[in-house]
Amino acid sequence: MPPMPPYRVIALGDSLTYGYPFGKNMSWVEYASKELKLPILNQGVNGNTFREMLRRLTIDVLDLKPELCIVLGGANDVYQGVDPKLIQSNFAKITELLLENKIQPLVGLPPPIEDEVFEKELAKFRRWLKAHAKERALKTIDFYAPFIDAKKKKPISACYEDGVHPSSKGYQGMAKAAIKVLQQALG
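In terms of my numbering, the sequence shown opens at residue 5 and continues consecutively.
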């Protein structure tokens, strides 16, 4: 197997990074990569929690030595009923390991989900993420905002396949949010 090309940017996440249900070729990562004309490695794995991302961090990110790593997740943790303090701890460990390895973390704020009970819990985590990013002077990518803007113009269903996973339109909105921050971060 040939060696992997060097990547300046890696996206670590769950199905929302992977591009479910379409696949990596229709993910926000791919849309952003094409728009920026910059290879971005998609390390999204369907169903992953932050605990699982932490387990694969060395092989999927640290060993590849990118400049930046976008970290997006939390919905699976909430769905699985993971204790909020453990979700926060696992996320904080990921960002600390990235920083220790001189990789700039970009904190992805997860998009909303239609289920009100789970969205309430995810909203609490989103608030914690913002505070954590501010405290650690980390840049955030607001993947939440494109879905709220779209809500004002069209029903939320236009941005979703199933109430959790984005439609093609939803992934394109996520890509725009990522592009804006990546352009600033990469200079």
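For glycine and all other residues, C-beta sits at the position ideal for the given N, C-alpha and C.
- Remark: C-beta atoms of PHE147 and GLY112 approach each other more closely than 8 Å.
- By the Cβ test, the region 166-185 is in contact with the region 100-120, since at least three Cβ pairs between them sit closer than 8 Å.
- Within the region 38-93, the complete alpha helix (DSSP H) runs of at least 4 residues fall at 54-64, 79-83.
- About 4 Å separates the beta carbon of GLY17 from that of GLY48, a gap short enough to meet the 8 Å contact definition.
- Restricting attention to ARG55, LYS124, ASP64, the CA atom closest to the CA of ALA96 is found in ARG55.
- A residue is called buried once 16 or more other Cβ atoms fall within 10 Å of its Cβ, and PRO25, having fewer, is exposed.
- Within the same chain, LEU110, GLY112, ALA181, ALA182, VAL185 come within 6 Å of ILE145 by CB-CB distance, once the 5 residues on both sides are set aside.
- Secondary structure in the region 114-145: the alpha helix (DSSP H) runs of 4 residues or longer, each lying completely within the stretch, are 120-140 in chain order.
- With fewer than 16 other Cβ atoms from the protein chains shown falling within 10 Å of its own Cβ, ILE63 counts as exposed.
- When DSSP states are grouped into helix, strand and coil, PRO25 belongs to the coil group.
- Collapsing the DSSP output to three states places TYR175 in a helix.
- In this structure, the CA atom of ALA141 is about 14 Å from the CA atom of ILE107.
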